[in-house]
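Quick note on numbering: the sequence shown equals residues 763 to 908 in the numbering used here.
Read through the structure below, which is laid out as structure tokens, and then see the notes.
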Amino acid sequence: MRIVALYGTESGNAEAVALGIAKAVPGVEVVNMADAGVDVFEPGALYLISCATHGGGELPGFAQFLHDDLLDLAPDLGGVTYAMFGLGDTSYDERYNRGAHQFDELLRSLGATRVGPFGEHDVMTRSDPAELGIAWAQAVLAETGP
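Put into structure tokens, the structure is as follows:
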């Protein structure tokens, strides 16, 4: 099964998660949302998505472009499976990890299926996002058994 670590980042933490996953799990492809179009999503593949939240709860700029393209083109993502890992800051209360939740809501509305636990990193904990992301990805893979 093709496994893709797809990331949307503002400060680099979501990229660190994706690269950490690729280092820990052989064969994982890393794709930046900045370089991706709607055709990045293929049925039968598993997407381990790490997405940051920027500013007042927005998606990072390049992640916003992919989100908008998906919204505008509304492709059928039936058969696409993904797991979501959000990166945020709990000091923003209701906007905490809003970027990942926005992406999650859109993917589900287009027919994609989310699997595994919704992973989260809070910058206020000062924990390493890559370490948390690797543990999350391993839990997703153990549950889905690709």
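Using N, Cα and C, we set each Cβ at its ideal position, and we do this for glycine too.
Straight-line gap, residue i to residue j (C-alpha atoms, nearest Å)
{"i": "A899", "j": "H863", "result": "17 Å"}
{"i": "P837", "j": "A786", "result": "31 Å"}
{"i": "R860", "j": "L833", "result": "17 Å"}
{"i": "D797", "j": "L768", "result": "10 Å"}
{"i": "V842", "j": "R888", "result": "33 Å"}
{"i": "M846", "j": "L869", "result": "10 Å"}
{"i": "L828", "j": "V800", "result": "7 Å"}
{"i": "Y844", "j": "G873", "result": "11 Å"}
{"i": "G850", "j": "E777", "result": "14 Å"}
{"i": "P788", "j": "E804", "result": "20 Å"}
Three-state secondary structure assigned by DSSP to residue i
{"i": "E916", "result": "With the chain covering 763 to 908 only, the question about residue 916 has no answer from this structure."}
{"i": "F847", "result": "strand"}
{"i": "G881", "result": "strand"}
{"i": "R860", "result": "helix"}
{"i": "V787", "result": "coil"}
According to DSSP, residues forming a beta bridge with residue i
{"i": "I736", "result": "Only positions 763 to 908 of the chain appear in this structure, which leaves residue 736 out of reach."}
{"i": "E909", "result": "Coverage of the chain is limited to positions 763 through 908, which leaves residue 909 absent and any answer about it impossible."}
Unbroken alpha helix (DSSP H) run spanning residue i, endpoints
{"i": "E893", "result": "891-906"}
{"i": "H829", "result": "823-835"}
- Message: Counting beta carbon pairs with one atom in the region 812-822 and one in the region 772-786, are three or more of them shorter than 8 Å?
- Response: yes
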